[in-house]
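Asks: Handing you a structure now.
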Amino acid sequence: MHPRALITGLAGQDGSYLAELLLDKGYEVHGIVRRTSIEDTEHKLKNLHAILDKIHMHVASLDNVLSLVRIIRNISPDECYHLAASSFVSYSFEDEISILGNNVNSTHYLLAALREFAPSCKFYFSGSSEMFGNAINSPQDENTPFNPRSIYGISKVAGFQLVKNYRQQYGFFACSGILYNHESQRRGYEFVTRKIVSSAVRIKFGLQEAVELGNLEARRDWGYAPDYVNAMWLMMHADSPDDYVIASGETHSVKEFAEAAFAHLDLDFNKYAKINLDLFRPTENIVLRGNPSKAMSMLKWKPTKSFDDIIKEMVEGEIKLYEPGRKTSDLLTPGDSK
273 MHPRALITGL
283 AGQDGSYLAE
293 LLLDKGYEVH
303 GIVRRTSIED
313 TEHKLKNLHA
323 ILDKIHMHVA
333 SLDNVLSLVR
343 IIRNISPDEC
353 YHLAASSFVS
363 YSFEDEISIL
373 GNNVNSTHYL
383 LAALREFAPS
393 CKFYFSGSSE
403 MFGNAINSPQ
413 DENTPFNPRS
423 IYGISKVAGF
433 QLVKNYRQQY
443 GFFACSGILY
453 NHESQRRGYE
463 FVTRKIVSSA
473 VRIKFGLQEA
483 VELGNLEARR
493 DWGYAPDYVN
503 AMWLMMHADS
513 PDDYVIASGE
523 THSVKEFAEA
533 AFAHLDLDFN
543 KYAKINLDLF
553 RPTENIVLRG
563 NPSKAMSMLK
573 WKPTKSFDDI
583 IKEMVEGEIK
593 LYEPGRKTSD
603 LLTPGDSK
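Each residue of the sequence shown is one higher than the one before, starting from 273 at the first, in the numbering used here.
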């Protein structure tokens with residue numbers, strides 16, 4: 273009998289790669305999606321087009337515990353991967369209530385429903401380097417204290433503690449991955465990496481004149497999304513549940529990323545860059561850089577692509593969107609979203 277997996281955030285970058293990985297391993301894959309995704313599959317489910325006929329989608333809201341209970345009772349999953357979260361990193365407090373409520377409650381609802389109706393199901397929670405926030409040291413590992421400085425980071429710490437509580441109090445197989453930035457050609461346009469790559473390609477094709485960015489010296493630990501998804505699966509198949517930092521272990525500046533992306537198109541980034549002070553984020557006193565030694569040792573995990581290889585793949589993927597015969601609806605101007 274095929275193992276059965278349930279994924280939240282199925283249509284996102286990580287969810288789509290995870291679904292493909294699990295299908296390749298012989299899983300029956302189920303995913304939770306919003307009703308708006310079903311109504312606009314061309315855009316909302318574009319990452320899943322190649323496997324739509326192989327997966328089972330369930331329309332539900334993660335803030336509705338009854339709908340989650342219904343799904344879990346019906347499919348009785350063997351593994352549950354909780355990847356969905358409200359909002360990428362934001363330093364605005366305007367949406368703090370919804371971000372905190374959605375992220376914390378959805379994690380709690382899933383854990384509680386699984387404990388009641390599928391107690392043998394393994395659970396994975398997707399954490400973030402934003403949990404460390406103003407870190408006290410670099411690189412950060414599993415023993416580094418959390419010090420979040422965004423509502424998103426705070427909500428992720430709360431989710432992490434819920435997972436840890438269920439593991440310790442109920443003997444639940446529940447683990448968390450503290451994931452640093454991870455990129456691919458499926459990255460959303462709201463992220464600076466995709467904005468850079470998309471802008472570079474548009475400039476190359478004469479569709480755009482410049483790219484506006486914030487702090488070019490900001491540094492991030494960037495990895496490859498499919499590698500990080502593989503780490504999720506490895507955590508769920510370890511001898512015992514635990515928490516792991518998943519990172520490349522090296523940092524690069526936004527400027528380095530942009531220069532590499534433009535160079536792949538034989539363009540000089542410095543000729544097209546415009547600095548917009550409104551796009552600056554608060555800087556870290558200590559750089560967020562992960563130490564993945566535990567995952568490498570315990571899970572035998574390791575990255576497969578270099579920083580430059582990741583960027584090259586993103587650029588090549590973006591170029592394909594402009595091939596003859598592509599629908600104009602496939603394309604977004606950087607900063608837009610669908």
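Where is the CB? At the ideal position from N, CA and C, for every residue including glycine.
Using the beta-carbon count (16 or more within 10 Å), is residue 532 buried or exposed?
Replies: It is buried - the Cβ of residue 532 has at least 16 other Cβ atoms within 10 Å.
Asks: Between 518, 513, 567, 430, which has its C-alpha nearest residue 493's C-alpha?
Replies: Ranking the options by Cα distance to residue 493, first place goes to 518.
Asks: In terms of alpha-carbon separation, which member of 562, 546, 455, 516 lies closest to residue 578?
Replies: When only C-alpha atoms are compared, the closest one is 455.
Asks: Measure from the alpha carbon of residue 554 to the alpha carbon of each residue in 402, 466, 353, 585, then state which is nearest.
Replies: Residue 554 has its Cα closest to that of 402, out of 402, 466, 353, 585.
Asks: Once the 5 residues before and after residue 468 are set aside, which same chain residues still bring their CB inside 7 Å of it?
Replies: Within the same chain, residue 468 has close Cβ partners 483, 529, 530, 533.
Asks: Shortest alpha-carbon distance to residue 309 belongs to which of 319, 300, 301?
Replies: Out of 319, 300, 301, 319 has the C-alpha closest to the C-alpha of residue 309.
Asks: With H, G and I counted as helix, E and B as strand and the rest as coil, what does DSSP make of residue 276?
Replies: Residue 276: strand per DSSP, three-state reduction.
Asks: DSSP three-state call for residue 302: helix, strand or coil?
Replies: If DSSP states are grouped into helix, strand and coil, residue 302 belongs with the strands.
Asks: I'd like the ranges of any alpha helix (DSSP H) spanning at least 4 consecutive residues and lying wholly in the region 446 to 478.
Replies: 464 to 476, all fully within the region 446 to 478.
Asks: Could you give the first and the last residue of the continuous beta strand (DSSP E) run that contains residue 351?
Replies: Residues 351 to 354.
Asks: Rounded to the nearest angstrom, what separates residue 298 and residue 397 at their Cα positions?
Replies: So the two alpha carbons sit approximately 22 Å from each other.
Asks: Closest by CA to residue 547, which one among 485, 428, 512, 574?
Replies: Cα-wise, what sits closest to residue 547 is 485.
Asks: Taking the C-alpha atoms as reference points, what is the distance between residue 326 and residue 293?
Replies: Cα to Cα, the separation comes out at about 12 Å.
Asks: Measure from the alpha carbon of residue 445 to the alpha carbon of each residue in 509, 296, 287, then state which is nearest.
Replies: With distances taken between Cα atoms, residue 445 lies closest to 509.
Asks: Which two residues bound the contiguous alpha helix (DSSP H) that contains residue 399?
Replies: Careful: residue 399 lies outside any alpha helix (DSSP H), inside the beta strand (DSSP E) at 394 to 400.
Asks: Is it right to say residue 552 is buried, meaning 16 or more other beta carbons lie within 10 angstroms of its own, or is it exposed?
Replies: By the 10 Å Cβ count, residue 552 comes out exposed.
Asks: Considering only residues of the region 532 to 560, which uninterrupted alpha helix (DSSP H) runs meet the minimum length of 4 residues and lie entirely inside it, listed in chain order?
Replies: Those alpha helix (DSSP H) runs which fall completely within the region 532 to 560 and span 4+ residues do not exist here.
Asks: Around the C-beta of residue 442, are 16 or more other C-beta atoms found within 10 angstroms, so that it is buried, or is it exposed?
Replies: Its Cβ having fewer than 16 others within 10 Å, residue 442 is exposed.
Asks: Label residue 351 either buried or exposed according to how many other C-beta atoms from any shown protein chain fall within 10 Å of its C-beta, with 16 as the threshold for buried.
Replies: The residue is buried, with at least 16 neighbouring Cβ atoms inside 10 Å.
Asks: My guess is that residue 503 and residue 289 are in contact by the Cβ rule of under 8 Å, so how many angstroms apart are they, rounded?
Replies: Contact doesn't hold; Cβ gap of about 11 Å is too wide.
Asks: Which residue marks the beginning of the alpha helix (DSSP H) containing residue 368, and which one marks its end?
Replies: It spans 368 to 389 - the alpha helix (DSSP H) in which residue 368 sits, taken as one unbroken run.
Asks: Could you give the DSSP three-state label for residue 293: helix, strand or coil?
Replies: Correct three-state label for residue 293: helix.
Asks: Note down, in chain order, each residue of its chain lying with its Cβ closer than 7 Å to the Cβ of residue 620, except the 5 sequence neighbours on either side.
Replies: Limits of the chain in this structure are 273 at one end and 610 at the other, which puts residue 620 out of reach.
Asks: Helix, strand or coil: which one does DSSP assign to residue 524?
Replies: Reduced to three states, the DSSP call for residue 524 is strand.
Asks: Helix, strand or coil for residue 287? Go by DSSP, reduced to three states.
Replies: Helix.
Asks: Judging by CA-CA distance, which residue of 440, 511, 501 is the nearest neighbour of residue 576?
Replies: Checking every option, the nearest Cα to that of residue 576 belongs to 501.
Asks: Per DSSP, what kind of secondary structure is residue 593 in: helix, strand or coil?
Replies: Three-state result, residue 593: coil.
Asks: For residue 357, collect the residues of the same chain with a Cβ closer than 6 Å to its Cβ; drop the 5 residues on either side in sequence, then sort them by chain order.
Replies: So the qualifying residues of the chain are 375.
Asks: Tell me whether the region 367 to 386 and the region 418 to 433 touch, counting them as touching only if at least three CB pairs, one residue from each stretch, are closer than 8 Å.
Replies: The region 367 to 386 is in contact with the region 418 to 433.
Asks: Is the separation between the beta-carbon of residue 406 and that of residue 421 shorter than 8 Å?
Replies: Contact: yes.
Asks: Please name the residue, chosen from 505, 559, 333, 338, that lies closest to residue 567 on a Cα-to-Cα basis.
Replies: If we check each option's Cα against that of residue 567, 505 comes out closest.
Asks: Would you give the residue range spanned by the alpha helix (DSSP H) that residue 499 belongs to?
Replies: Residues 497 to 508.
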